[in-house]
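Below: the structure, in structure tokens.
Numbering (UniProt numbering), first residue to last: 1 to 411.
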């Protein structure tokens, strides 16, 4: 039965869900590298001699203008647009909920349709505006496998990896909502200014471990940094990892973005407990990979995230060991006051204690900003993100708790 016939037979109230299901069955053009997009078009009958031009057109409409409807591609012929609508989708994910904090932080709960025999999934994306910059925190997985003991996200099982399309869709949708794409009537070929963008930086620090979804994250970030599209500088893109050592080397060689390490402890015994992946890739291997990261300099430093846990990792001796551990690595240490969540056994270090810790590191020559908590009133603070997507109850769906770490990448 044709999709139009199906739509005619369902109740009006159910039509949006049916349309979403029909769209989900079509492959998306978002998240395809140019060569893959070209191959997809050829398979649908686009002549070889036209493919390069068609890919260029589509790339411009998707990533410069940010359109999500083929009919808005005004310089594409009607026949071509009909073919694209028949075979592909460029639709955005559903916004289940949008929250805006008193400090300007925004949090979107997004629902992606089922893939194959799977179920719909939900993830969160968080935007933090700061003076002179705006940072978008993007998720790479639904759930997480790492079970870091202080992180609420780690209490949720991994549901699945996100696709490159779903990773990019978070950026596209946020730019939609913030008015960060040029107007549709801007003449084609006009120079679209990079200045004044609301989203200047992105961080792969949402749900999941990006390096356990390497290929999809790589594709998404290469598209995000493409100079003829979304055009984000690689120095304004930061990938955060808990320490998947082999893929750290690959990240530097194949993606080339800024690196952040979720460190949180300076001894293997303590890090084994806080960040269990340390049992597989201990501190020496992790630091060797950091020292080998391409392009390191005082202008291109690795950021080390360090959550401040009272009477756990916040002693002066810990600060001394941290300085020793990072010797020879161009680095910045972000000190993160712990954000409590229901059921946790940890407490945040006293503010005076955090300041003394920071002062010692500063005196040793390392920048050590103390992260100002953001978005707490909408549960959008660091380490608080947790989804209930694995349950997917129609009546009893819980809202997400988001995670965000700002102040990464070039200003």
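Glycine included, each C-beta is placed from N, C-alpha and C at the ideal position.
Could you check whether residue j and residue i sit closer than 8 Å to each other, using their CB atoms as the reference points?
{"i": "residue 237", "j": "residue 222", "result": "no"}
{"i": "residue 280", "j": "residue 255", "result": "no"}
{"i": "residue 139", "j": "residue 123", "result": "yes"}
{"i": "residue 283", "j": "residue 209", "result": "no"}
{"i": "residue 211", "j": "residue 251", "result": "yes"}
{"i": "residue 77", "j": "residue 92", "result": "no"}
{"i": "residue 166", "j": "residue 112", "result": "yes"}
{"i": "residue 235", "j": "residue 199", "result": "no"}
{"i": "residue 354", "j": "residue 370", "result": "yes"}
{"i": "residue 31", "j": "residue 171", "result": "no"}
{"i": "residue 61", "j": "residue 229", "result": "no"}
{"i": "residue 475", "j": "residue 173", "result": "An answer regarding residue 475 cannot be provided, because it is not within the stretch 1 to 411 covered by the chain."}
{"i": "residue 357", "j": "residue 314", "result": "yes"}
{"i": "residue 201", "j": "residue 300", "result": "no"}
{"i": "residue 46", "j": "residue 135", "result": "no"}
{"i": "residue 90", "j": "residue 33", "result": "no"}
Throw me the rounded Cβ distance for the residue i and residue j pair, which I believe falls under 8 Å.
{"i": "residue 96", "j": "residue 121", "result": "Not quite, the Cβ-Cβ distance comes to about 11 Å (not below 8 Å), so this is no contact."}
{"i": "residue 298", "j": "residue 330", "result": "5 Å"}
{"i": "residue 305", "j": "residue 277", "result": "Not a contact, Cβ separation roughly 14 Å."}
{"i": "residue 294", "j": "residue 352", "result": "The Cβ separation is near 39 Å, so there is no contact."}
{"i": "residue 37", "j": "residue 57", "result": "Not really, about 11 Å apart at Cβ, beyond 8 Å."}
{"i": "residue 99", "j": "residue 207", "result": "Not a contact, Cβ separation roughly 17 Å."}
DSSP state of residue i, grouped into three classes?
{"i": "residue 245", "result": "helix"}
{"i": "residue 276", "result": "helix"}
{"i": "residue 339", "result": "coil"}
{"i": "residue 271", "result": "helix"}
{"i": "residue 134", "result": "strand"}
{"i": "residue 63", "result": "helix"}
{"i": "residue 362", "result": "helix"}
{"i": "residue 86", "result": "helix"}
{"i": "residue 165", "result": "helix"}
{"i": "residue 126", "result": "strand"}
{"i": "residue 160", "result": "strand"}
{"i": "residue 262", "result": "strand"}
{"i": "residue 312", "result": "coil"}
{"i": "residue 111", "result": "strand"}
{"i": "residue 367", "result": "strand"}
{"i": "residue 181", "result": "coil"}
{"i": "residue 30", "result": "coil"}
{"i": "residue 213", "result": "helix"}
{"i": "residue 239", "result": "strand"}
{"i": "residue 56", "result": "helix"}
{"i": "residue 329", "result": "coil"}
{"i": "residue 348", "result": "strand"}
{"i": "residue 95", "result": "strand"}
{"i": "residue 145", "result": "coil"}
{"i": "residue 76", "result": "coil"}
{"i": "residue 255", "result": "helix"}
{"i": "residue 40", "result": "helix"}
{"i": "residue 204", "result": "strand"}
{"i": "residue 46", "result": "coil"}
{"i": "residue 25", "result": "coil"}
{"i": "residue 119", "result": "coil"}
Whose C-beta lies closer than 7 Å to the C-beta of residue i among residues of the same chain, with five residues either side of it excluded?
{"i": "residue 266", "result": "318, 321, 322 and 325"}
{"i": "residue 247", "result": "211 and 214"}
{"i": "residue 104", "result": "129"}
{"i": "residue 118", "result": "160"}
{"i": "residue 44", "result": "83 and 87"}
{"i": "residue 270", "result": "313"}
{"i": "residue 216", "result": "161, 162, 163, 164 and 167"}
{"i": "residue 81", "result": "70, 71 and 73"}
Output needed for residue i: all residues of its chain with C-beta closer than 8 Å, excluding positions within five of it in sequence on either side, in chain order.
{"i": "residue 5", "result": "For residue 5, the predicted structure reports a pLDDT of 40, less than 50, and the residue's modelled location is therefore unreliable. A value from the coordinates is still provided. Counting only Cβ-Cβ distances below 8 Å, and skipping sequence neighbours, we find nothing."}
{"i": "residue 48", "result": "42"}
{"i": "residue 244", "result": "209, 211, 212, 277 and 281"}
{"i": "residue 416", "result": "With the chain covering only 1 through 411, there is no way to say anything about residue 416."}
Among residues of its own chain, excluding the 5 on either side of residue i, which ones have a beta-carbon nearer than 6 Å to its beta-carbon?
{"i": "residue 232", "result": "224 and 225"}
{"i": "residue 290", "result": "302 and 329"}
{"i": "residue 272", "result": "278 and 279"}
{"i": "residue 367", "result": "332"}
{"i": "residue 94", "result": "111"}
{"i": "residue 296", "result": "330"}
{"i": "residue 178", "result": "198"}
{"i": "residue 40", "result": "none"}
**Study point:** Three-pair Cβ contact test at 8 Å for the segment 127 to 134 versus the segment 84 to 95
**Key:** no
Check your understanding: Are at least three pairs of beta-carbons, each pair with one atom in the segment 160 to 168 and one in the segment 50 to 59, less than 8 Å apart?
Key -> no
Practice item. For the segment 307 to 315 and the segment 344 to 352, state whether three or more C-beta atom pairs, one from each stretch, are separated by less than 8 Å. Key: yes
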